[in-house]
Amino acid sequence: MNKNAYSTIDLSARRNAQMGIKMNILVINCGSSSLKFQLINAADEKLIAKGLCERIGIEGSQLVYAPTGGEKITTVTPMKDHTQAIGLVLNALTDEKAGVVKSLQEISAVGHRIVHGGEKFAASTIITDEVIEAIQECNELAPLHNPANLVGIDACRELMPSTPMVAVFDTAFHQTMPEEAYMYAIPYEYYQKYKVRRYGFHGTSHSYVSHRAAKLLGKNYEDLKIIVCHLGNGASVSAVKNGKCVDTSMGLTPLEGLIMGTRSGDIDPAIIEFIAHKEGKNIDQIMDILNKESGVLGLSGGLSSDFRDLVAGYEKGDAASVRTMKAFAYRVAKYIGAYTAAMNGVDAICFTAGFGENSGFIRNLVCDYLGFLGIALDEQANKAQGEETVVSAAGSRTKVLAIPTNEELAIARETFALVK
Ligand code: AMP
Numbered sequence: 001m002n003k004n005a006y007s008t009i010d011l012s013a014r015r016n017a018q019m020g021i022k023m024n025i026l027v028i029n030c031g032s033s034s035l036k037f038q039l040i041n042a043a044d045e046k047l048i049a050k051g052l053c054e055r056i057g058i059e060g061s062q063l064v065y066a067p068t069g070g071e072k073i074t075t076v077t078p079m080k081d082h083t084q085a086i087g088l089v090l091n092a093l094t095d096e097k098a099g100v101v102k103s104l105q106e107i108s109a110v111g112h113r114i115v116h117g118g119e120k121f122a123a124s125t126i127i128t129d130e131v132i133e134a135i136q137e138c139n140e141l142a143p144l145h146n147p148a149n150l151v152g153i154d155a156c157r158e159l160m161p162s163t164p165m166v167a168v169f170d171t172a173f174h175q176t177m178p179e180e181a182y183m184y185a186i187p188y189e190y191y192q193k194y195k196v197r198r199y200g201f202h203g204t205s206h207s208y209v210s211h212r213a214a215k216l217l218g219k220n221y222e223d224l225k226i227i228v229c230h231l232g233n234g235a236s237v238s239a240v241k242n243g244k245c246v247d248t249s250m251g252l253t254p255l256e257g258l259i260m261g262t263r264s265g266d267i268d269p270a271i272i273e274f275i276a277h278k279e280g281k282n283i284d285q286i287m288d289i290l291n292k293e294s295g296v297l298g299l300s301g302g303l304s305s306d307f308r309d310l311v312a313g314y315e316k317g318d319a320a321s322v323r324t325m326k327a328f329a330y331r332v333a334k335y336i337g338a339y340t341a342a343m344n345g346v347d348a349i350c351f352t353a354g355f356g357e358n359s360g361f362i363r364n365l366v367c368d369y370l371g372f373l374g375i376a377l378d379e380q381a382n383k384a385q386g387e388e389t390v391v392s393a394a395g396s397r398t399k400v401l402a403i404p405t406n407e408e409l410a411i412a413r414e415t416f417a418l419v420k
């Protein structure tokens, strides 16, 4: 498959392409010291260029720029802040030699990934001063991510003042969860005062993948019960019933739920106090351990946070890798069981993100627990890597699919829908 031409062109996109409509959307995913970008023609959904700025504000910053069909160019150059980084990206995109557009006028809109929209945003929205203020109010809920996302918006507004911008939230898709799924059993006043509740993340991915599953199965999205397992360095599961998210495994923050690359996922909260006493650590240090030194990295005794290393270890019979992979798969299967109960059934289970979409091994290990759902995998189909594939056997009562996620395309689609 040509990786640059998305295999999932919508009918509307196809129509636009036939009519020669161009709508270049710049998708920006801004972190504290990095910035990823893609320029996508939303009319035909083709990737025009992509790249990233690394080490923004730190010595040794560089821009990697990859125009589709052209050579990848790496430029080591100082970037004192995000405005400078975005300036370099815009220069690269409009460069006479390696550029892909003649001028910034050919960029119709910018779509920004925003991690936390709190309870304020249940859908993507055109960015205005009021929207920026509302996003700022959510900063407390995602102190590492939201401020960085806002810096990206500011920088783009400064450099492209007349270009419409759209905010696409990681949390928005999960805002349909019912109260019983999003409330924690702690004093209610913490919800009232501070909005402490489950929000969930990876929403753009869960939405994109569940929609693709319905398309691939040739069924109405609103008629299906779908479980999406987003298994990457960050990992989460969601339950999508009749087109609406009804539960998801991440919580107030992305720390809850599955075992992840370096995040613990679910633990007994009392462990925090126990380890703090035993090791003489404060709350910040313990939170750092749960976020950065736990997950498969911690459970494997520091072997690796990269699933490929652990699969290789498992296959060689390495005890730490076997222990870790078994615990990882068991946790995923447990969530699938819970979400089957939450939806009173399940029609399709989707595997996505780096590990889920590429690894027949993990799909197998998880589905080994799911005989009660009448699941049987097709050994050949389950070898799928990075291709949309039904990996369950013809007679499988519940369908299992491997679906590559594409959050940038989903952001471009949302942006296009709001500005066209
Ligand atoms: P993501 O966060 O979605 O980029 O996923 C990153 C994770 O996917 C890393 O831990 C990789 O080891 C894992 N991954 C990527 N490709 C494969 C593969 N072919 N087999 C197993 N794991 C993979």
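For the sequence shown, UniProt numbering gives the first residue as 1, with consecutive numbering after it. Each residue gets a CB set at the ideal place from its N, CA and C atoms; glycine is no exception.
By the criterion of a C-beta distance shorter than 7 Å, ASP378 is surrounded in its chain by VAL391, SER392, ALA393, once the five residues flanking it on both sides are discounted. Remark: C-beta atoms of ASN146 and CYS30 do not approach each other more closely than 7 Å.
In terms of Cβ geometry, ARG331 and LEU258 form a close pair [threshold 7 Å].
For the 7 Å CB-CB criterion, LEU35 and CYS53 form a contact. Judged by DSSP in its simplified three-state form, SER392 adopts strand. Check the Cα spacing between ILE28 and each of LEU63, ALA319, ASP44, ILE86: the tightest is with ILE86.
For ASN233, no alpha helix (DSSP H) encloses it, and the DSSP letter there is neither H nor E. In the DSSP annotation of this structure, the continuous segment of the beta strand (DSSP E) that includes SER108 starts and ends at 107-114. Residues whose Cβ lies closer than 5 Å to any heavy atom of the ligand AMP, listed in chain order: GLY232, ASN233, ASP306, PHE307, ARG308, ALA353, GLY354, PHE355, ASN358, SER359. Under the 10 Å beta carbon count, HIS277 is surrounded by fewer than 16 other beta carbons and is classified as exposed.
Looking at THR398, VAL246, VAL166, THR74, the one whose alpha-carbon comes closest to that of LYS420 is VAL166.
Going by DSSP, MET343 is part of the alpha helix (DSSP H) stretching over 319-343.
Residue environment for PRO254: buried (at least 16 other C-beta atoms within 10 angstroms of its C-beta). Between ALA412 and the set ALA134, PHE169, GLN84, the nearest pair of CA atoms involves PHE169. CA-CA distance, ILE283 to CYS156, rounds to 37 Å.
For LYS36, the enclosing beta strand (DSSP E) stretches over residues 35-41. With fewer than 16 other beta carbons inside 10 angstroms of its own, ASP368 counts as exposed.
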